[in-house]
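Here's the structure we're looking at; comments come further down.
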Amino acid sequence: MRLLGYFDAYLGFLSSDLQVGLGKNALDIGCGTGAFAEARAVVQPDGQITLLEPSARMLQLARSALQRRGSDPVPVQSRLEEFQPDAPFDCLLAAHVLEHCLDPVAALRRMRELVEPGTSLWLVVSKPHWCNAIIWFQWRHRTYRPEVVADFLAHAGWDLQAQHSFPTGPPSRTSRGYRAVAI
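In terms of my numbering, the sequence shown opens at residue 104 and continues consecutively.
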């Protein structure tokens, strides 16, 4: 992920509006290798981050990446649908998760259930581009146009605040960022 520029892209996205907090109790949904959570640890080193991931191997990679940054994340091996937190989170991160959900609106509603009103969701979604055809062979993911993602968010209890275009590298062709607030 780092070699392809995703860590730098996530770092730029999370730094795009420093007036918007990244919380003291954040959750990275479908954390994968931990690149998004790691970027959050750079921008917001204080507080706790929970890594939510169904794959034990990916969860360990993510945990190791954050530990190298001096962070001690809480790893949780679970799918979003089955996750039962002890308390609401004050920041959600989700990079390239919706593309793998059978019902993206239901996934966003579940995310909404994990937070109080006013909480920010930092979402990265694959967008239509021929580069994603290559990625599809490995991951069998979907891509969504910005207006479709905006509609998903609205139907799931989120107010879209901003969109982010990644400026360079593969992320500029494969991904788009969205920041929404829980209604």
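A virtual CB, placed ideally from N, CA and C, is assigned to each residue, including glycine.
This one's a predicted model, so the numbers in the text were calculated from it and none came from an experiment.
I need the straight-line Cα distance from residue i to residue j, nearest angstrom please.
i	j	result
L226	E202	11 Å
S167	L263	32 Å
G115	F269	8 Å
Q122	V218	19 Å
Q147	L224	15 Å
S229	Q187	27 Å
S275	L107	11 Å
Y109	S158	20 Å
What did DSSP end up calling residue i once you bin it into helix, strand or coil?
i	result
A259	coil
A142	helix
G135	coil
D111	helix
F116	helix
V208	helix
S174	coil
L130	strand
By the 10 Å Cβ neighbour count, where 16 or more other Cβ atoms means buried, how is residue i classified, buried or exposed?
i	result
H258	exposed
S118	exposed
D120	exposed
F240	For F240, the predicted model reports a pLDDT of 48, less than 50, meaning its position is unreliable; a value from the coordinates is still stated below. Its Cβ having fewer than 16 others within 10 Å, F240 is exposed.
E141	buried
L205	exposed
R182	exposed
R279	buried
D149	exposed
T271	exposed
Could you check where the beta strand (DSSP E) with residue i kicks off and where it finishes?
i	result
R98	Missing from the structure shown is residue 98; the chain here goes from 104 to 286 and no further.
Q95	Because the chain here runs from 104 to 286, residue 95 falls outside it and cannot be looked at.
P220	218-229
F192	192-198
| said: Taking contact to mean 3 or more Cβ pairs, one atom from each stretch, closer than 8 Å, check whether the segment 125-144 and the segment 196-215 are in contact. | reply: Between the segment 125-144 and the segment 196-215 there are three or more inter-stretch CB-CB distances shorter than 8 Å, so the stretches are counted as touching.
| query | Any contact of the segment 175-184 with the segment 139-157, i.e. 3+ C-beta pairs under 8 Å? | reply | Taking a contact to require three or more Cβ pairs closer than 8 Å, the segment 175-184 and the segment 139-157 qualify as touching.
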